[in-house]
Structures are given as structure tokens and as C-alpha cells.
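Asks: The structure is given below, and queries will be raised subsequently.
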Amino acid sequence: MAGTDRQRTLIAEGPAIILVEPQLPENIGMVARAMANFGLAELRLVKPREEFPNDKARSAASRADHIIDAAQVFDDLPSAIKDLHFVYATTARERDAFKQVRGPVEAGQVLRQRFNNGEKTGILFGRERFGLNNDEVSLADELVTFPVNPAFSSLNIAQAVLLMSYEWMKSGLEKHTDTAFRGPELEPAPKEQLQGFFNHLEDALQARGYFRPMARKEIMVNNLRGVLTRAGFSDSELKLLRGVLVSLDYFSPKTPRGSGAPEGRKREKPPAKKINGDQPGDE
């Protein structure tokens, strides 16, 4: 999905993402991209295997340069977390540790609450091959584990960071159903407009012999009305459909739209039908 917009305000806050001994610079870059997607900005690296920063990481970051440029490198994990008030360690397997274990949704909410209280927090992610060792896990306050397939529980490090980053962003929404943008607010069409469309459609279908056998016309009309009523059309949508019917009334395969007006024909609105005893009028 392409969606980078440099004209909009860049969100850059929240917990630090701490990678312990990452092996591939490409993974570091993809982690940076995932962080940028969901408003995280502080990346800390503990003894990366390759010199950092490097071009491979920057390329994989897909323009999340602000994270790559600001990333900090540490010689050991205690140094990387010494200024933090609260730290989560991510793990895919059960640990022999007396620590609270949370899912990513709850962990995101806890991080948001602590952030709002002014605390500095972080999330630990282990090596690509075997994650965090027990000594490293022991430095964390609590654990986070993801609800994954137990027979295939290993996540790529960038995937794991993406999941936690998403839960962090979601925890800050007023509603979990909030989206970055919404469709237009369309008001339902008034019943008069809907009735006019039904009448127009019925006339067009009648003229083309749709209702066969005629003994079933009433049932067929009612079925059509049931389907179209369920759709909940707006006024503008009904106008669009009425335009389609007008085109079908006026043009034909022999004289399609754009070929000139069919000879001997004038464009006319279909006659309006009475609605509940009212006088006919334009729809």
C-alpha cells in the first residue's frame, strides 16, 4: 500500500524498540519502516552483527530515514534500557520466570497508560534465530506473547515489531473502529425519491417484456422492491440509477449514446405515478 505523505505531520513518540543482536541490516530497516507506519521513532540496537548505519538497512526502511538516522547502538542490554521506567520482553515460548504475561492488545494499553503518565518505556525483541535468552528476559518487567499458530510460532522480527507497533497506535485511538479517513456521509434518500425510482424501473422493465408471465408481475415487482429497499440508497445514488434508466429509455444498440439523437424520438421523463392518492408530478 502506497501512502507516504511528507506534507502531513509525522507522529514520533511512544516506547523505544530495542533489538538485541540483530543479524541482518535488512531486518533493521524493515523494523524502522514498521515503526514509522505506527508512529514510533526511537530505535535502539544492542551489538548489531554488521556496522550500523549501513545502506542495506536504509534501503529496506523505505524512507523511514528519521528512524535510521536517530538509532542508537549499545554494547550491552543493561546500557540500552538503563533510562527506561518499564520494559516488555517479547517471547514466543513459555518461560520459567515469575513475570506477568500479556497479549499484545493489553500490552499496548499498558504502554499507552504509562506513556500518558510520563514514563519512558521499551519493548525488547530478540535475535532472528532464537530470540532472547533467559538473562535478557530477566531484565524486563513483564512479557508479551502473540496469539499465533502453536505449531508455527516463529515471527520475523519486523513482523513482531509491526504487531506491537500497531497495538501501540490502536491504544491511542478514541475508538478501535477509527480509521485514517472515511467515506462520504450519505443521507438516506427520502421515500418519495425511492418510490419514483421504483416506478421508473417498473416502466422500463415493462416496456422490455421483463415481467413474464404477467401473472407473476406483482410478485416480481415486490421482490425487486425488497432487494432495492434493503440497499439503503442515498439520494445521489438514486439519481445515478435514474440516469441509467433514462439512458436505456432513450438510446438503443442501434443508436447508442454519442451517435446522435435517435430519429423521431424526444427525451422525455417517464410519467409519474400516483403515490398514496397524491397528484402526479415530476420526480
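Numbering (UniProt numbering), first residue to last: 1 to 283. Even glycine gets a Cβ: it sits at the ideal position worked out from N, Cα and C. Quick caveat: nothing in here was measured; it's all calculated off a predicted structure.
If you scan the UniProt domain "tRNA/rRNA methyltransferase SpoU type" (16–166) from start to end, which runs of the beta strand (DSSP E) of 3 or more residues do you find wholly inside it?
Replies: 16–20, 43–46, 72–74, 86–90, 121–125 and 142–144
Asks: Our contact map puts Ala89 next to Leu43 with C-beta atoms below 8 Å; I'd like the distance itself, whole angstroms only.
Replies: Against the sequence shown, residue 89 aligns to sequence position 89. Against the sequence shown, residue 43 aligns to sequence position 43. That belief does not hold up - the Cβ atoms of Ala89 and Leu43 are roughly 17 Å apart, past 8 Å.
Asks: Rounded to a whole number of angstroms, what is the C-alpha to C-alpha distance between His66 and Ala41?
Replies: Along the sequence shown, one-based indexing puts residue 66 at 66. Along the sequence shown, one-based indexing puts residue 41 at 41. About 8 Å.
Asks: Would you kindly work out how many angstroms separate the C-alpha atoms of Val105 and Pro15, rounded to a whole number?
Replies: As a working mapping, residue 105 is identified with position 105 in the sequence shown. As a working mapping, residue 15 is identified with position 15 in the sequence shown. Approximately 15 Å between the Cα atoms of the pair.
Asks: Applying the criterion that 16 or more other CB atoms from any shown protein chain within 10 Å of the CB defines a buried residue, is His200 buried or exposed?
Replies: Numbered from its first residue, the sequence shown carries residue 200 at position 200. Counting Cβ neighbours within 10 Å, His200 comes out buried, since at least 16 surround it.
Asks: Which first and last residues belong to the alpha helix (DSSP H) in which Arg212 is found?
Replies: As a position in the sequence shown, residue 212 is number 212, starting the count at 1. Careful: Arg212 lies outside any alpha helix (DSSP H) and carries neither H nor E.
Asks: Quick test of the definition: if touching needs 3 or more C-beta pairs under 8 Å, does the region 79–89 touch the region 146–154?
Replies: With a cut-off of 8 Å, the region 146–154 and the region 79–89 do not count as touching, because too few Cβ pairs lie within range.
Asks: Spell out the partners DSSP gives Pro184 in its beta bridges.
Replies: On the sequence shown, residue 184 is found 184 positions in, with the first residue counted as 1. By DSSP's assignment, Pro184 forms no beta bridge with any residue.
Asks: If you draw a straight line from the C-alpha of Lys99 to the C-alpha of Glu185, how long is it?
Replies: Position 99 of the sequence shown, counted from the first residue, corresponds to residue 99. Position 185 of the sequence shown, counted from the first residue, corresponds to residue 185. Put simply, the backbone Cα of Lys99 is about 48 Å away from that of Glu185.
Asks: Going by C-alpha distance, which of Leu194, Glu202 and Met220 is nearest Leu240?
Replies: Translated into positions along the sequence shown, residue 240 becomes position 240. Restricting attention to Leu194, Glu202 and Met220, the CA atom closest to the CA of Leu240 is found in Leu194.
Asks: Exposed or buried, which one is Arg49 when buried takes at least 16 other CB atoms within 10 Å?
Replies: Here residue 49 refers to the residue found at position 49 when the sequence shown is read from its first residue. Classification of Arg49: exposed, given that the 10 Å Cβ count is below 16.
Asks: Take Ser154 and list the residues in its own chain whose beta-carbon comes closer than 8 Å to its own, dropping the five residues that flank it on each side.
Replies: Within the sequence shown, residue 154 is the residue found at index 154, counting from 1. Cβ neighbours of Ser154 beyond the five flanking positions: Ala92.
Asks: Ignore the nearest five residues each way along the sequence and tell me which others in Arg127's own chain have a CB closer than 6 Å to its CB.
Replies: Position 127 of the sequence shown, counted from the start, is the residue given in the question as residue 127. Result list for Arg127: Glu21, in chain order.
Asks: Assess, as a yes-or-no matter, whether the region 106–126 is touched by the region 65–84 under the definition of 3 or more beta carbon pairs within less than 8 Å.
Replies: Two segments are said to touch when three or more pairs of C-beta atoms, one from each, lie closer than 8 Å; by this definition the region 65–84 touches the region 106–126.
Asks: Contact defined as beta carbons within less than 8 Å: I believe Leu139 pairs with Arg95. What is the distance between those atoms, to the nearest angstrom?
Replies: Against the sequence shown, residue 139 aligns to sequence position 139. Against the sequence shown, residue 95 aligns to sequence position 95. Not really, about 13 Å apart at Cβ, beyond 8 Å.
Asks: If Met30 and Ala60 are in contact, beta carbons under 8 Å, what's the gap, nearest whole angstrom?
Replies: Counted from its first residue, the sequence shown places residue 30 at position 30. Counted from its first residue, the sequence shown places residue 60 at position 60. Right, their Cβ atoms sit about 5 Å apart.
Asks: How many angstroms separate the CA atom of Leu163 from the CA atom of Ala189?
Replies: In the sequence shown, counting from the first residue as 1, residue 163 sits at position 163. In the sequence shown, counting from the first residue as 1, residue 189 sits at position 189. Taking the straight line from one Cα to the other gives about 41 Å.
Asks: On the DSSP letters alone, give me the boundaries of the alpha helix (DSSP H) that Leu245 sits inside.
Replies: Here residue 245 refers to the residue found at position 245 when the sequence shown is read from its first residue. Start and end: Asp235 to Tyr250.
Asks: DSSP three-state call for Ala204: helix, strand or coil?
Replies: Translated into the one-based positions of the sequence shown, residue 204 becomes position 204. Helix.
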